Each structure stands twice: as structure tokens, then as C-alpha cells.
Amino acid sequence: MATRVALIADTHLGESGELPPACAELIAGSDLVLHAGDVSSAEALARMRAIGTPLEAVQGNVEDATLRGSLPAELNLKIESVRFAVVHDAGPEKGRLERLRARFPDADVVVFGHSHMPLHEIGGDLQIFNPGSPTQRRRAPHRSMGLAEVEGADVRLEHLAV
-16 MATRVALIAD THLGESGELP PACAELIAGS DLVLHAGDVS SAEALARMRA IGTPLEAVQG
44 NVEDATLRGS LPAELNLKIE SVRFAVVHDA GPEKGRLERL RARFPDADVV VFGHSHMPLH
104 EIGGDLQIFN PGSPTQRRRA PHRSMGLAEV EGADVRLEHL AV
């Protein structure tokens, strides 16, 4: 049976904001959540963790002092046989895939955020994925998050509008 991983970033919830119901439902139905930064506050992170799905997060550029001190700048983890890396800001679009390959040489998938723009790019054996934002679409066509279905060494990534 596949491992279902919810991919989110740029929630910007602050102390009292809530995730959209569709996003919370997808998280609740997943085995793990990877958050690519800009949670904003420790209270918001606690509310997301209260959904009950294990959650791993990196710090973004708008985290409060508590989160900056408690979240790593990047994560490397293995889900089944797929190696994931998570970072908030992947830098400029030009050269991004090559830069992330150099930064995370063992990764199969790099999840990142910051731009709020959904992106899925494949280069050789590396997939890079920005889930967008479930709360602030900015220039994106809609609010979004991502879903990874991992089975052994296979991974399927998709964007979901929320």
C-alpha cells in the first residue's frame, strides 16, 4: 500500500488563521505532511499538528522567533525508498533544477515554497515540486497544495486546488 504525503508551503496562518477545510481534510487523510516553510507562528504549527497527521516542517522567511529557533532550515528524509529534501527558498527560476541537484545530490524529490507558484519540474532523476499556497494564491491561478503517493521507489506528485 502506498504512503500518502501531503505537501504544503506558505500557509502564513499567524496566531489565529485556519487552513481551508479541503486542505485540512487532505492532511487528515495522509500518512505524513511535509511543510516547506512560512507557517508563520508556533500556534499555527500546533493547530496543523492537532489534525493528527505527523508533520515535518522547515523554517521559512516569515516565521516568528519561536519557530525560527525550533525548525530546521532544510530536511532530508526517506519515505519508503524515495529520498525527499525540503527547503523553503529554492532561489531564482534560472538554473533552479541544477542548483537543487547540486545542493541535494542524493534527493529524488525536492519540495520547496516561497513563491506561492505551483511548480513540478523533472530533470533526469530529480523532481522538484512547489505545492503553491493553500491560503494565499498571489499570482497563481488558484490556492493549492500537493500530494505525493509513494510506493517503494516510485513516487507520483500532483497539485490539488483547495
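Here the sequence shown is numbered in our numbering, starting from -16 and rising by one per residue.
All C-beta atoms, glycine included, are put in the ideal place defined by N, C-alpha and C.
Keep in mind it's a predicted model, so treat the numbers as computed, not measured.
*Quick one: Cα of A68 to Cα of E132, how far?*
Roughly 16 Å separates the two Cα atoms.
*Can you tell me where the beta strand (DSSP E) with L15 in it begins and where it stops?*
L15 to H18
*Mind pulling the alpha helix (DSSP H) runs of 4 or more residues that sit fully within the segment 5 to 59?*
25 to 32 and 48 to 53
*Entirely within the segment 58 to 118 and at least 3 residues each: give me those beta strand (DSSP E) ranges in chain order.*
With a minimum length of 3 residues, the continuous beta strand (DSSP E) runs that stay inside the segment 58 to 118 are 65 to 70, 92 to 94, 102 to 106 and 109 to 113.
*So, using beta-carbon positions, are G74 and Q42 closer together than 8 Å?*
no
*Alpha carbon to alpha carbon, how far is A85 from L(-4)? Give it in angstroms, no decimals.*
32 Å
*Exposed or buried, what is P147 when buried is set at 16 or more other beta-carbons lying within 10 Å of its beta-carbon?*
Lying outside -16 to 145, the shown extent of the chain, residue 147 is not represented and no answer is given.
*Which class does M128 belong to by DSSP, given the choice of helix, strand or coil?*
strand
*Cα separation between G106 and P88?*
Their backbone Cα atoms lie some 13 Å apart in a straight line.
*Give the straight-line distance between the Cα atoms of D137 and N44, rounded to the nearest whole angstrom.*
32 Å
*Alpha carbon to alpha carbon, how far is R(-13) from M128?*
13 Å
*Which residues bound the beta strand (DSSP E) around R139?*
D137 to A144
*Euclidean distance between Cα positions of A27 and I34*: 11 Å
*Distance, E46 Cα to A(-8) Cα*: Cα atoms of A(-8) and E46: separation of roughly 12 Å, rounded to the nearest angstrom.
*asked:* Using a Cβ-Cβ cutoff of less than 8 Å, which residues in the same chain neighbour A48 once the five nearest sequence positions on both sides are dropped?
replied: none
*List the whole-angstrom C-beta distance separating H142 from P101, where the pair is believed to meet the contact cut-off of C-beta under 8 Å.*
5 Å
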